[in-house]
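**Student:**
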Amino acid sequence: MRTIDRIVIHCSATRVSSNFTEDQVKAAHLARGFRTWGYHYYIRKDGRVIPMRPIEQMGAHATGYNASSIGVCYEGGLDITGKPADTRTSAQKQSMLALLQKLMSEYKIIHLDGHRDLSPDLNDNGIVEPSEYIKMCPCFSVHDEYSSFLRDVIIHK
171 MRTIDRIVIH
181 CSATRVSSNF
191 TEDQVKAAHL
201 ARGFRTWGYH
211 YYIRKDGRVI
221 PMRPIEQMGA
231 HATGYNASSI
241 GVCYEGGLDI
251 TGKPADTRTS
261 AQKQSMLALL
271 QKLMSEYKII
281 HLDGHRDLSP
291 DLNDNGIVEP
301 SEYIKMCPCF
311 SVHDEYSSFL
321 RDVIIHK
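Numbering (this note's numbering), first residue to last: 171 to 327.
1) Can you look up L267 in the DSSP assignment and give me helix, strand or coil?
2) Assuming R172 contacts A237 (C-beta within less than 8 Å), just tell me the rounded distance between them.
3) Going by CA-CA distance only, name the one from G203, G247, R202 and T191 that's closest to P221.
4) Taking the alpha-carbon of G247 as reference, which of V219, F310 and A230 has the nearest alpha-carbon?
5) Taking just the CA atoms, how far does M228 sit from I325?
6) Straight-line CA distance for L200 to D193?
7) Please list, in chain order, all residues of the same chain as V186 whose beta carbon is under 8 Å from its beta carbon, the five residues on each side excluded.
8) Since D193 is in the alpha helix (DSSP H), which residue starts that stretch and which ends it?
9) What are the boundary residues of the beta strand (DSSP E) that includes G229?
10) Which first and last residues belong to the beta strand (DSSP E) in which G252 is found?
11) Go ahead and pull the three-state DSSP assignment for I325.
12) How is P300 classed by DSSP in three states: helix, strand or coil?
13) Could you compute how far the alpha carbon of K278 sits from the alpha carbon of K215?
14) Whole angstroms is fine: what's the gap from H180's alpha carbon to S188's?
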């Protein structure tokens, strides 16, 4: 079993006005040369959590971090014009929180990041700033939204 200490949150980078099914995620990942989907979980707009890659298998979602992480992706991330935006529905937010609680109770998670937070710190100040993001995914601040939640989980372990 691999050591897991991180969850990385992604978006599918699809417009809020369109649907992007789990089958389409898999097809997109196969087209990029993956052997299957790269994420471990996918959260649809209606809040359904779709298991994808088994957790025992290393993901293919965040270069340099796959060996010790779980990849969670939500459907959306672009507004109707194609610009990055937090398009999560209430159902997606509730499902994401429940999934994070479940995963944190099962694994010793000490890092919870958005994909963009794993961009290189180009000015070496210890903070990955918006100007350093390689991509905007997941189009919301995971650290702002979940930092107190993660801190509470770590303190109580």
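Beta carbons: idealized from backbone N, C-alpha and C, even for Gly.
**Tutor:** Taking the geometry as given:
1) helix
2) 7 Å
3) T191
4) F310
5) Residue placement at I325 cannot be trusted, given a pLDDT of 45 that sits under 50; the coordinates are not used to answer.
6) Straight-line Cα distance between these residues: approximately 10 Å.
7) G246, L248, D249, I250, A255 and T257
8) E192 to A201
9) Element bounds for G229: n/a, residue is neither H nor E.
10) Neither: G252 is in no beta strand (DSSP E) and is coded neither H nor E.
11) Note that I325 scores 45 on pLDDT, short of 50, meaning its location in the model is unreliable; the coordinates nonetheless yield the value given after this. The answer is helix: DSSP assigns I325 an H, G or I state.
12) helix
13) K278 and K215: Cα-Cα distance of roughly 28 Å.
14) 17 Å
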